[in-house]
Amino acid sequence: MTRGRARGAAGPGFELRTDLLTRVAQAHDASHYLLRPEVVVRAHDRDGVVAAMREATRRGLPVTFRSGGTSLSGQASGGGVLVDTRTRFTRVEVLDGGDRVRCEPGATLRLVNAHLLRHGRRLGPDPASEIACTIGGVVANNSSGMSSGTARTAYRTVEAMTVVLASGTVVDTGAPDADARLRAAEPALHRGLAELRDRVRGSAAMRAEVERQFSMKNTMGYSVNAFVDHDEPVKILEHLIVGSEGTLGWVADVTFRTVPLLAHAATTLLVLDSLEHATDALVPLVASGAEAIELLDAASLRVAAADPAADPSMRSLASGAGIQHQTALLVEYRAATPDGLAPFQEAARDVVGSLAGSLAVPATVTTDAATRERLWRVRKGLYTAVAGARPPGSTALLEDVAVPVADLTATVRDLGALFERRGYGGAVTFGHAKDGNLHFMITPRLGDRAELDRYAAFSDDLVDLVLGHGGTLKAEHGTGRIMAPFVRRQFGDELYAVMREVKGLFDPAGLLNPGVLITDDDHEHLRHLKVESSAGGDDAPLVDRCVECGYCEPGCPSRTVTTTPRQRIALLKEMAAAPPAERRELERQYAYQGVQTCAADSLCVQACPVGIDTGVVMKGHRARSQPRVVQRGGVAAAERWGSVVTGLRGALGVVEALPTPLVRVASEVARGVVGADVVPRVDADLPGPGPRRGTTGVVPDDGDADARAVLFASCTGELFAPADGGLPAGAGGGDGASRPVGAEAAFRALCERAGVGLVVPDKIGGLCCGTPWSSKGLPDGAAAMARKVVDALWVATREGALPVVSDASSCTHGLAETARHLTGTDPRDERARERFARLRVVDAVTFVRTDVLPALAARGVDVARAGDVVVHPTCATVHLGAVDDLRAVAEAVADRATVPAAWGCCGFAGDRGMLHPELTAGATRAEADEVAARAATLPGGAFDAHVSSNRTCEMGMTRATGQDYVHVLELLEAATRTTSASPR
1 MTRGRARGAA GPGFELRTDL LTRVAQAHDA SHYLLRPEVV VRAHDRDGVV AAMREATRRG
61 LPVTFRSGGT SLSGQASGGG VLVDTRTRFT RVEVLDGGDR VRCEPGATLR LVNAHLLRHG
121 RRLGPDPASE IACTIGGVVA NNSSGMSSGT ARTAYRTVEA MTVVLASGTV VDTGAPDADA
181 RLRAAEPALH RGLAELRDRV RGSAAMRAEV ERQFSMKNTM GYSVNAFVDH DEPVKILEHL
241 IVGSEGTLGW VADVTFRTVP LLAHAATTLL VLDSLEHATD ALVPLVASGA EAIELLDAAS
301 LRVAAADPAA DPSMRSLASG AGIQHQTALL VEYRAATPDG LAPFQEAARD VVGSLAGSLA
361 VPATVTTDAA TRERLWRVRK GLYTAVAGAR PPGSTALLED VAVPVADLTA TVRDLGALFE
421 RRGYGGAVTF GHAKDGNLHF MITPRLGDRA ELDRYAAFSD DLVDLVLGHG GTLKAEHGTG
481 RIMAPFVRRQ FGDELYAVMR EVKGLFDPAG LLNPGVLITD DDHEHLRHLK VESSAGGDDA
541 PLVDRCVECG YCEPGCPSRT VTTTPRQRIA LLKEMAAAPP AERRELERQY AYQGVQTCAA
601 DSLCVQACPV GIDTGVVMKG HRARSQPRVV QRGGVAAAER WGSVVTGLRG ALGVVEALPT
661 PLVRVASEVA RGVVGADVVP RVDADLPGPG PRRGTTGVVP DDGDADARAV LFASCTGELF
721 APADGGLPAG AGGGDGASRP VGAEAAFRAL CERAGVGLVV PDKIGGLCCG TPWSSKGLPD
781 GAAAMARKVV DALWVATREG ALPVVSDASS CTHGLAETAR HLTGTDPRDE RARERFARLR
841 VVDAVTFVRT DVLPALAARG VDVARAGDVV VHPTCATVHL GAVDDLRAVA EAVADRATVP
901 AAWGCCGFAG DRGMLHPELT AGATRAEADE VAARAATLPG GAFDAHVSSN RTCEMGMTRA
961 TGQDYVHVLE LLEAATRTTS ASPR
């Protein structure tokens with residue numbers, strides 16, 4: 001475990017990485033702290049973690065565990081050994097019909113809840129970071145959230161866990177004889193916990209202070225309430241681990257009791273004329289059964305009112321005298337059924353009516369989804385608005401505290417005065433009002449000495465303020481480094497001494513996450529600060545506003561292979577500021593780990609709270625790396641695309657005819673000479689060429705010549721033949737399974753049977769959606785193709801009268817993004833942009849759901865049922881908002897259509913899965929495992945069909961699962977086919 005070890009060196013059950021890029025990338029998390037690890041360990045299994053911990057202990061190296069890296073207080077960063085416990089630890093097992101769930105630490109909260117969804121259950125903790133935070137962090141931080149209160153936290157809902165202690169001892173707290181096993185394996189720890197239990201319980205003062213402290217949301221220090229709440233040392237251990245932030249051990253798996261999923265909601269936004277009236281309203285609102293009550297101070301309302309997408313009632317606040325002292329309460333009621341929600345709605349209306357004299361704007365209680373989304377945007381958009389608009393070089397620092405609800409009014413007022421006194425007048429305060437839990441955001445420049453001194457003074461004042469109101473310095477975000485120096489002050493000497501003894505019992509050498517939660521350094525919170533820097537150049541305006549929250553990471557196809565969007569951006573900033581030698585080394589590695597292995601699917605922008613599209617950034621790097629001759633070649637290819645496709649089809653035909661081993665060796669040699677990012681690897685699963693795109697339209701059999709849409713068939717159907725199998729037995733009207741016909745042929749047949757006419761653009765063989773050029777960084781070629789496409793579609797659509805329908809979701813998305821390529825000053829671009837703005841692009845799956853399926857039903861066309869079908873949505877269906885359409889079309893033909901909880905972008909990304917097969921292998925592993933596991937539970941041990949909506953994605957998933965994936969329209973076509981109606 002020294003820095004000199006080669007990258008990728010292996011130990012028993014783990015992999016060591018000591019290369020510069022990995023260590024720099026892994027140093028970054030969501031907090032404002034930055035510690036560069038000496039070694040990054042990627043453990044393969046629990047035994048690998050045990051082995052890594054023992055080796056680190058032997059060498060005296062500190063150990064920090066990292067899963068999601070979404071924690072805000074500095075608890076997920078360390079300077080010694082950083083153990084990645086996310087990549088290989090994502091298993092989720094639903095127990096007792098969803099009443100319990102066992103999870104590994106790398107599973108995200110969203111993934112676990114997705115598994116629980118069909119059981120009508122969810123986890124109790126509901127932090128705002130649920131898209132990215134992992135179970136490891138939920139346990140380590142004792143997570144809660146806006147509706148969990150103090151009853152549905154990780155501490156209150158944990159049932160059992162498997163813990164790896166610093167010594168390497170593995171403790172299963174759920175075993176029937178768990179306490180006896182702990183006594184035998186760790187006698188000093190067992191005895192010490194029992195003695196501390198008796199000491200705390202024997203002191204009336206300590207017991208009373210424990211009860212006071214934990215009557216609020218409280219994540220400061222260790223969960224010493226375990227000594228009051230539990231008798232057996234093993235159960236005390238279990239609950240001490242919750243909230244211990246990796247300083248006492250590592251949780252290999254945990255079992256939670258779940259809570260009901262309350263799927264029906266009613267929401268109201270109460271804007272009251274003063275803070276006092278708002279906090280006075282809490283009593284009747286809580287009594288009425290509100291599930292969540294979110295407070296927004298006047299500064300928050302000013303930010304929210306400036307959002308053009310906010311509810312009109314909110315925007316109206318900015319008129320007239322403007323926002324002065326108003327305070328808002330966003331209130332939500334939830335129930336399992338509409339009938340169950342009705343009494344809450346009635347109670348809510350009564351409360352709203354009683355507050356009429358204090359309301360600054362009228363309020364209603366609504367169940368309308370669109371209105372509720374606009375109201376919640378007021379709350380959820382605050383972070384985006386403030387963090388995204390922060391000054392260059394400043395840090396978005398989100399803090400949280402809690403006070404008794406009776407002190408809430410005074411605390412909010414005192415915070416406002418503190419912000420003004422210390423120069424943070426633009427800070428916004430919001431939070432979970434019924435818990436007395438407040439969040440606020442400031443944006444200090446931590447690299448400036450004077451500002452750092454100001455921030456230090458602010459922190460001291462904050463401690464005085466919160467503790468003066470009987471509160472806790474950390475309610476949800478964990479103690480971390482930011483509040484570790486103040487634990488003694490909050491809990492007092494006696495309970496702090498108990499915490500020190502807890503640390504000594506679990507971690508005698510002090511190697512687990514030193515500096516976190518317990519520290520002797522009064523200035524720990526001011527050390528190892530992350531100083532914001534700029535990526536510089538063309539990247540700066542695109543990425544500098546990144547807050548490194550990590551929300552982008554779970555959906556990134558390369559997250560287990562190379563780097564994630566957060567890491568790509570962090571590395572760009574690090575390279576811009578690095579010394580020359582370090583910069584050269586980082587740039588050398590970044591070419592592959594950052595640029596080449598980015599699938600550029602842009603799912604990251606869907607998750608990013610400040611709207612960064614890292615895929616676009618990486619495409620920019622590809623474009624800048626392309627020589628001018630290559631850019632000219634891209635234009636030439638666009639101008640002669642029909643000939644290019646013919647050549648590629650011919651090459652695929654040759655490859656199909658030759659022995660696979662020979663072709664594979666030849667491709668590997670070429671990749672070694674020319675480059676792996678240029679020459680694809682040829683494997684046995686590469687299809688041969690597909691049929692040419694049709695040049696004629698579809699005229700319904702009733703003779704109606706009026707077309708309903710323009711068919712823009714994808715050229716991927718020409719390049720890659722349909723799958724050899726994948727349709728269930730009996731599909732197509734026969735006894736055995738028929739072969740898929742391809743997406744274009746299937747769509748044409750379905751439209752013909754439905755009486756839906758289609759036209760085809762002139763010279764379709766030379767047209768393309770433009771994605772190949774944009775993904776490879778060839779903007780000139782993308783623009784050339786975009787002009788051709790717009791000109792052809794303008795005529796075919798009768799100047800925008802007909803929708804454009806594509807039969808591959810990635811191509812539909814590519815067409816929808818056409819305007820992005822028309823950015824030049826060329827008059828042709830301006831005309832093309834104007835014309836394109838009048839075109840409507842629709843995916844074939846969406847068109848079939850909205851137009852074709854109803855027409856088939858009206859004509860009495862029977863749809864044969866396909867039993868159990870598994871559905872793979874694509875990144876393009878997400879961008880298009882067509883995931884529900886894909887599911888609906890699958891459900892039209894299947895008895896049961898299953899979308900795996902672990903589905904994600906397959907990483908095939910056109911040809912990137914052939915250039916870098918490791919990208920697709922890593923991206924699809926979790927989904928493929930889930931598909932296999934679910935198939936094993938079915939009566940026949942297999943799904944009847946596997947469907948998606950894009951040929952290359954189908955190829956990627958076929959490779960991952962060993963099962964033929966087909967376009968969902970191919971399945972529907974076969975299910976509506978009769979012997980006399982086979983597509984031509």
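If you count by UniProt numbering, then the sequence shown holds residues 1 to 984, one letter each, in order.
Where a beta carbon is used, it is the ideal one built from N, C-alpha and C, also for glycine.
Could you give the residue range of the beta strand (DSSP E) that holds residue i?
i: Asp-868; result: 868-871
i: Leu-165; result: 158-165
i: Val-759; result: 757-759
i: Val-81; result: 81-84
Pull up the distance between the alpha-carbon of residue i and that of residue j, whole angstroms please.
i: Ala-287; j: Leu-301; result: 26 angstroms
i: Lys-788; j: Val-805; result: 17 angstroms
i: Ala-154; j: Phe-712; result: 51 angstroms
i: Gln-345; j: Ala-309; result: 26 angstroms
i: Gln-593; j: Thr-85; result: 20 angstroms
i: Gly-393; j: Asn-437; result: 29 angstroms
i: Asp-229; j: Arg-197; result: 10 angstroms
i: Glu-553; j: Val-386; result: 22 angstroms
i: Val-251; j: Leu-20; result: 28 angstroms
i: Cys-556; j: Met-618; result: 13 angstroms
i: Gly-149; j: Asp-435; result: 6 angstroms
i: Leu-969; j: Arg-912; result: 25 angstroms
i: Asp-735; j: Thr-87; result: Confidence at Asp-735 is low in this model, with a pLDDT of 47, below 50, so the placement of that residue should be treated as unreliable; the coordinate-derived value is given next. Distance between the alpha carbons of Asp-735 and Thr-87: 44 angstroms.
i: Pro-803; j: Phe-847; result: 9 angstroms
i: Arg-583; j: Leu-571; result: 10 angstroms
Which of the three DSSP states, helix, strand or coil, is assigned to residue i?
i: Asn-437; result: strand
i: Arg-739; result: coil
i: Trp-250; result: strand
i: Leu-272; result: strand
i: Ser-203; result: coil
i: Met-53; result: helix
i: Ser-948; result: strand
i: Arg-5; result: Only weak support is given to the placement of Arg-5: the predicted model assigns it a pLDDT of 34, under 50, and the value that follows is read from those uncertain coordinates. In the structure shown, Arg-5 sits in coil (DSSP, three-state: anything other than H, G, I, E or B).
i: Glu-15; result: strand
i: Arg-977; result: coil
i: Tyr-222; result: coil
i: Leu-512; result: strand
i: Ser-806; result: strand
Following a CB-centred definition, is residue i positioned closer than 8 angstroms to any heavy atom of the ligand ATP?
i: Leu-193; result: With respect to small molecules bound, the structure shown includes none, and the ligand ATP cannot be examined in it.
In terms of residues, what are the limits of the alpha helix (DSSP H) holding residue i?
i: Cys-875; result: 875-880
i: Leu-793; result: 779-796
i: Asp-280; result: 275-280
i: Thr-173; result: Thr-173 -> no alpha helix (DSSP H), and no H or E assigned at all.
i: Ala-960; result: 951-961
i: Phe-847; result: 844-847
i: Asp-400; result: No alpha helix (DSSP H) contains Asp-400, which is instead part of the beta strand (DSSP E) from 397-402.
i: Val-682; result: Element bounds for Val-682: n/a, residue is neither H nor E.
List the residues that DSSP assigns as beta-bridge partners of residue i.
i: Asp-297; result: DSSP, once it has assigned bridges, lists no residue as partnering Asp-297.
i: residue 987; result: In the structure as shown, the chain begins at 1 and stops at 984. Residue 987 is therefore absent and cannot be evaluated.
i: Arg-100; result: Leu-95, Arg-257
i: Thr-108; result: Thr-134
If residue i and residue j are in contact, beta carbons under 8 angstroms, what's the gap, nearest whole angstrom?
i: Gly-431; j: Leu-295; result: 6 angstroms
i: Ala-784; j: Val-635; result: 5 angstroms
i: Ser-558; j: His-879; result: So it is not a contact: roughly 18 angstroms between Cβ atoms.
i: Ala-401; j: Gly-74; result: The residue asked about is misnamed: residue 401 is Val in this sequence, not Ala. About 17 angstroms; that fails the 8 angstroms criterion.
i: Glu-238; j: Gly-492; result: With a Cβ gap of about 25 angstroms, Glu-238 and Gly-492 do not count as contacting.
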